[in-house]
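Notes for the one structure printed next.
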Amino acid sequence: MNHFSRGPLQLLRSRSFLAPSKKPLHHSVRGPTDFTRKALQPANFVKEHLFKFGWLNKNFVSAFHHRTNVWAAAAARSKPVSPLTSKMTPRKKPVEVVDVDKLDVVAYAISEDIRLEELSKAFVKQALYEVVALPIDVTDGLHLKAIYKIDDKEREIFLFREGAIVFWNMSVTERNEVLHFIEKYSASPYASSLYLTENECLKYDYSADRRTCLEKDVIHINVADQFDSLVKYAFSNALSLSVKLAIWEDSLVRFVDTIEPVIEDVRLGKRIRVSRDQILRMTGELFTLRHLINLSSDLLDTPDFYWDRENLEPLYQKMSNYLSINRRTKVINEKLKHCCELTELLSSHLNDKHHTRLEWMIIILILVEVMFECIHYAEKYYSH
């Protein structure tokens, strides 16, 4: 049987038309050449022999390639999208680069409030950190310095009444010890897994030829400002607002997760599985969060402390812009507004159902009363 009397598929399966080479391979040849590799590729192999036996022409090849490209494009369009890709992207944090010449500044938000007066006395009694005096108009901050130095470098802590702490040049072990100590003077503390995740970590150094600034993810402090506590206070103030905002952003995300099943029931026309009291509590949570963000913090405006300190305000603004505080505040307010509209819709729907239920109860009571009156008149009629 010759090659032309067999079908193309049978021929390709058997490959009987491949005659063994009569020339032995030289021992110095370690592998196929580029030409051999290309020729033995399945696509080129099939194409060559289909051309050889007349089963393929150039028009068929161009049509085949066109159809293959169409199928590939259709497959790419029909590829399902993972639900995770539709979710909100997490807040981008700077990539931590290990640099032995630079020091760490780390910020946490551990609670809703810190009792600074009691904490200050406790640190003085502990005799490990000294309290550094801040200006009289700083009523919601506390500055501490370590009494015992390591490598002649200052280790400092800035604490804020709203529950934020900023560490300058402190090791992980020392930070954890201080955090554990401060928890006793905190009101409504957050879970450690939360504030250890939602933190801010930057690098800083002291420079003689640079002015104090934030540049390329690094805080540069001029040696002339090395002992000026207000310079670090300005940077710490912005960092404290950022970590507090991160905690509130996480609270809103968890709230959205709890309300999503209810919204899905509304979309599908199912019975709403929450009560009016639960909706009222949800609304209270949203308004509490809005109050904390817009009224009890300095997220919407520059603090009054910087109005008459022109050298510190640019540092605070630069750090705030770097941490995207204004943009994040605007975004979370828009989300809060949307969530409030959703709870208002649910509350209105549940109130309508409650009113309808009351109306039906009144109608049934009226019908019962009418029935009793009819029975009463019937008894009177038949008694006469």
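For the sequence shown, the working numbering begins at 3 and goes up steadily by one. Beta carbons are placed, not taken as given, at the ideal position from N, Cα and C, and that holds for glycine.
Per DSSP, residue 208 forms a beta bridge with which residues?
Within the sequence shown, residue 208 is the residue found at index 206, counting from 1. Looking at the DSSP assignment, residue 208 forms a beta bridge with 223.
Less than 8 Å between the CB atoms is what I'm expecting for residue 278 and residue 352, so what's the real figure, rounded?
Taking the sequence shown and counting its residues from 1, one reaches residue 278 at position 276. Taking the sequence shown and counting its residues from 1, one reaches residue 352 at position 350. About 5 Å separates the two Cβ atoms, so the contact holds.
Give me the Cβ distance between residue 196 and residue 252, rounded to the nearest whole Å; I'm assuming they're in contact under 8 Å.
Within the sequence shown, residue 196 is the residue found at index 194, counting from 1. Within the sequence shown, residue 252 is the residue found at index 250, counting from 1. Yes, they are in contact, since the Cβ atoms of residue 196 and residue 252 sit about 7 Å apart, within 8 Å.
Smallest Cα separation from residue 182: which of 121, 358 and 272?
Taking the sequence shown and counting its residues from 1, one reaches residue 182 at position 180. Nearest of 121, 358 and 272 to residue 182, Cα basis: 121.
Between which two residues does the alpha helix (DSSP H) containing residue 124 stretch?
Position 122 of the sequence shown, counted from the first residue, corresponds to residue 124. Here the alpha helix (DSSP H) through residue 124 covers 118–128.
Assign residue 34 to buried or exposed, taking buried as 16 or more other Cβ atoms, counted over all protein chains shown, within 10 Å of its Cβ.
As a working mapping, residue 34 is identified with position 32 in the sequence shown. At residue 34 the pLDDT is 46, less than 50, meaning the model places this residue with poor confidence and gives no usable figure here.
The alpha helix (DSSP H) that contains residue 259, what's its start and end?
Sequence index remark: in the sequence shown, residue 259 carries index 257 (1-based). Unbroken alpha helix (DSSP H) run through residue 259: 231–270.
Quick check on the DSSP output: the beta strand (DSSP E) that includes residue 362 runs from which residue to which?
As a working note, residue 362 is residue 360 in the sequence shown. It is not in any beta strand (DSSP E) - residue 362 instead sits in the alpha helix (DSSP H) that spans 327–385.
Grouping DSSP H, G and I as helix and E and B as strand, with all else coil, what is residue 306?
Here residue 306 refers to the residue found at position 304 when the sequence shown is read from its first residue. In the structure shown, the three-state DSSP call for residue 306 is helix.
Suppose contacts are defined by Cβ-Cβ distances below 8 Å. Is residue 105 in contact with residue 206 by that definition?
By 1-based counting over the sequence shown, the position of residue 105 is 103. By 1-based counting over the sequence shown, the position of residue 206 is 204. Yes.
What does the Cβ neighbour count give for residue 340, buried or exposed, with the cut at 16 atoms within 10 Å?
Here the question's residue 340 lines up with position 338 in the sequence shown. Its Cβ having fewer than 16 others within 10 Å, residue 340 is exposed.
How close, in whole Å, do the beta carbons of residue 221 and residue 161 come, if the pair is a contact with beta carbons under 8 Å?
Counting from one through the sequence shown, the residue named residue 221 turns up at place 219. Counting from one through the sequence shown, the residue named residue 161 turns up at place 159. That pair is no contact at about 19 Å.
So what does residue 134 bridge to, in DSSP terms?
The sequence position of residue 134 within the sequence shown is 132, counting from 1. Answer by DSSP bridge pairing, in chain order: 145.
Restricting to Cα atoms, I'd like to know which of 144, 362 and 280 is closest to residue 133.
For this step, residue 133 is matched to residue 131 along the sequence shown. Looking at the Cα atoms, 144 is the closest of the given residues.
Using DSSP with H/G/I as helix, E/B as strand and the rest coil, what is residue 279?
Sequence index remark: in the sequence shown, residue 279 carries index 277 (1-based). Here residue 279 sits in helix by DSSP.
How is residue 324 classed by DSSP in three states: helix, strand or coil?
Along the sequence shown, one-based indexing puts residue 324 at 322. Reduced to three states, the DSSP call for residue 324 is helix.
Throw me the rounded Cβ distance for the residue 166 and residue 245 pair, which I believe falls under 8 Å.
Numbered from its first residue, the sequence shown carries residue 166 at position 164. Numbered from its first residue, the sequence shown carries residue 245 at position 243. Rounded, the Cβ-Cβ distance is 6 Å, consistent with contact.
Identify whether residue 184 lies in helix, strand or coil by the three-state DSSP scheme.
The residue you call residue 184 lines up with position 182 of the sequence shown. Helix at residue 184.
What are the boundary residues of the alpha helix (DSSP H) that residue 110 is part of?
Residue mapping note: residue 110 aligns to position 108 of the sequence shown, counting from 1. Residue 110 -> not in any alpha helix (DSSP H); beta strand (DSSP E) instead, spanning 105–111.
Run through DSSP, which three-state label would residue 28 get?
Counted from its first residue, the sequence shown places residue 28 at position 26. Bear in mind that the predicted position of residue 28 carries a pLDDT of just 43, short of 50, making it unreliable; the figure below should be weighed with that in mind. If DSSP states are grouped into helix, strand and coil, residue 28 belongs with coil.
From residue 249 to residue 111, what distance separates their C-alpha atoms?
Position 247 of the sequence shown, counted from the first residue, corresponds to residue 249. Position 109 of the sequence shown, counted from the first residue, corresponds to residue 111. So the alpha carbons of these two residues sit roughly 7 Å apart.
Using alpha carbons as the reference points, say which of 335, 329, 375 and 146 lies closest to residue 255.
Numbered from 1 along the sequence shown, position 253 holds the residue referred to as residue 255. Selected option, being the one with the closest Cα: 335.
Are the CB atoms of residue 285 and residue 345 within a distance shorter than 8 Å?
By 1-based counting over the sequence shown, the position of residue 345 is 343. By 1-based counting over the sequence shown, the position of residue 285 is 283. Result yes, Cβ atoms of residue 345 and residue 285 sit closer than 8 Å.
Sort out for me which residues DSSP pairs residue 191 with in a bridge.
The residue labelled residue 191 in the question sits at position 189 within the sequence shown. Partner(s): 113.
Between 338, 139 and 211, which lies nearest to residue 296 when the distance is taken from Cα to Cα?
One-based indexing of the sequence shown puts residue 296 at position 294. Ranking the options by Cα distance to residue 296, first place goes to 338.
Does the segment 213–228 come close enough to the segment 317–335 to have 3 or more Cβ pairs within less than 8 Å?
yes
DSSP puts residue 202 in a beta bridge; with which residues?
Here the question's residue 202 lines up with position 200 in the sequence shown. DSSP lists 109 as partners of residue 202.
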